[in-house]
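**Q**
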């Protein structure tokens, strides 16, 4: 089962909660790609989504609803507190506010508010982050846990896959809200000056054809932001 099929299955399982969550992370990468020649998407082990929960009490109510829908809270050692299992698949269901479970991504609240609707294979409608907020959340995740390893970080691979395959990325960034636009432009400007980033572009592209040209295209897009 590929990442998109996993997302479809989790979305069905969420039932009435589906409209209260926004899907994020690696399982959504293929939904941003419009170039048929783009790099293939890395496989993911779980499906991530965020929901607007402001207090611990609200999260406890969410847990009860998830259990009624057949989700099992994963409590094994080392598992994040937001992890759930459903029909053999793993879902990380995270609150928008970091104080609730003591971890956060600062782009989740705005990304949730600015989410866009998209139709999945099979006809389900779900919400995902708009492209600028997807990139911003992934960049923050990379800066938080990537340890500067541009070549092997899953977050960086997702970022580069989207830079390669989302044909209107420059336009979407240029028309994004000022806060997220400023963040993206600043981050990519720094990365273009970092040899580790530019050297990782080719290694993170899974497309076997025209890789050198695609790398130059990505650099050109980022340089003109």
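In this note's numbering, the protein residues as written are 10 to 234. Each residue gets a CB set at the ideal place from its N, CA and C atoms; glycine is no exception.
Looking at the strands, I want to know which residues DSSP matches up with residue 126.
**A** Here the question's residue 126 lines up with position 117 in the chain shown. Beta-bridge pairing links residue 126 to 136.
**Q** Just to confirm, is the Cβ distance from residue 105 to residue 73 under 7 Å?
**A** Counting from 1 along the chain shown, the entry for residue 105 is found at position 96. Counting from 1 along the chain shown, the entry for residue 73 is found at position 64. Contact: no.
**Q** Who are the Cβ neighbours of residue 44 in its own chain at under 6 Å, not counting the five residues just before and after it?
**A** As a first step, residue 44 is located in the chain shown; it is residue number 35 there, counting from the start. So the qualifying residues of the chain are 174, 176.
**Q** On the DSSP letters alone, give me the boundaries of the beta strand (DSSP E) that residue 12 sits inside.
**A** Numbered from its first residue, the chain shown carries residue 12 at position 3. Per DSSP, residue 12 belongs to no beta strand (DSSP E); it is in the alpha helix (DSSP H), 12-23.
**Q** Tell me the rounded alpha-carbon separation between residue 224 and residue 23.
**A** As a working note, residue 224 is residue 215 in the chain shown. As a working note, residue 23 is residue 14 in the chain shown. One C-alpha to the other measures close to 39 Å.
**Q** Compare the Cα-Cα distances from residue 139 to each of 124, 145, 152 and report the closest residue.
**A** As a first step, residue 139 must be located in the chain shown, where it is residue number 130. Nearest of 124, 145, 152 to residue 139, Cα basis: 124.
**Q** Can you grab the Cα-Cα spacing for the pair residue 165 / residue 149, in whole Å?
**A** Locating residue 165 in the chain shown gives position 156, counting from the first residue. Locating residue 149 in the chain shown gives position 140, counting from the first residue. When rounded, the distance between both Cα atoms is 10 Å.
**Q** I need the boundaries of the beta strand (DSSP E) containing residue 101, first residue and last residue.
**A** Walking along the chain shown from the start, residue 101 turns up at place 92. Residue 101 -> beta strand (DSSP E) spans 98-104.
**Q** Count Cβ pairs between the stretch 207-214 and the stretch 153-169 that sit closer than 8 Å; are there 3 or more?
**A** Result yes; three or more Cβ-Cβ pairs closer than 8 Å.
**Q** Quick one: what's got a C-beta closer than 8 Å to residue 214's C-beta in the same chain, skipping five residues either side?
**A** Working through the chain shown from its first residue, we reach residue 214 at position 205. Contacts found: 48, 169, 170, 173, 220, 223, 224.
**Q** Since residue 82 sits in a beta bridge, which residues does DSSP pair it with?
**A** Residue 82 sits at position 73 when you count from the first residue of the chain shown. DSSP lists 93 as partners of residue 82.
**Q** What is the DSSP secondary structure of residue 159, counted as helix, strand or coil?
**A** Within the chain shown, residue 159 is the residue found at index 150, counting from 1. If DSSP states are grouped into helix, strand and coil, residue 159 belongs with coil.
**Q** Roughly how many angstroms separate the alpha carbons of residue 162 and residue 50, rounded to a whole number?
**A** Residue mapping note: residue 162 aligns to position 153 of the chain shown, counting from 1. Residue mapping note: residue 50 aligns to position 41 of the chain shown, counting from 1. Answer to the nearest angstrom: the Cα atoms are 14 Å apart.
**Q** With burial defined as no fewer than 16 other Cβ atoms inside 10 Å of the residue's Cβ, what is the status of residue 202: buried or exposed?
**A** Taking the chain shown and counting its residues from 1, one reaches residue 202 at position 193. Label assigned to residue 202: exposed.
**Q** Could you spell out where the alpha helix (DSSP H) holding residue 32 opens and where it closes?
**A** Residue mapping note: residue 32 aligns to position 23 of the chain shown, counting from 1. No alpha helix (DSSP H) contains residue 32, which is instead part of the beta strand (DSSP E) from 30-33.
**Q** Are the stretch 130-144 and the stretch 88-96 touching by the rule of at least three beta carbon pairs closer than 8 Å?
**A** No: fewer than three Cβ pairs fall under 8 Å.
**Q** Can you tell me the Cα-Cα spacing of residue 187 and residue 108, whole angstroms?
**A** Residue numbering aside, residue 187 sits at position 178 when the chain shown is read from its first letter. Residue numbering aside, residue 108 sits at position 99 when the chain shown is read from its first letter. Taking the straight line from one Cα to the other gives about 25 Å.
**Q** Can you list, in chain order, the residues of its chain with a C-beta nearer than 7 Å to that of residue 95? Leave out the 5 residues immediately preceding and following it.
**A** In the chain shown, the residue the question calls residue 95 occupies position 86. Closer than 7 Å at the Cβ level, and outside the excluded window around residue 95, lie 19, 22, 79, 80.
**Q** Using CA coordinates, which residue listed in 70, 76, 64 is at the minimum distance from residue 111?
**A** For the purposes of this step, residue 111 is identified with residue 102 of the chain shown, where counting begins at 1. Minimum Cα distance to residue 111 is reached at 64.
**Q** So, helix, strand or coil for residue 57, using DSSP?
**A** Indexing the chain shown from 1 puts residue 57 at position 48. Here residue 57 sits in strand by DSSP.
**Q** By the DSSP assignment, the alpha helix (DSSP H) with residue 67 in it spans what residues?
**A** Indexing the chain shown from 1 puts residue 67 at position 58. Looking at the DSSP string, the run of the alpha helix (DSSP H) that includes residue 67 is 65-77.
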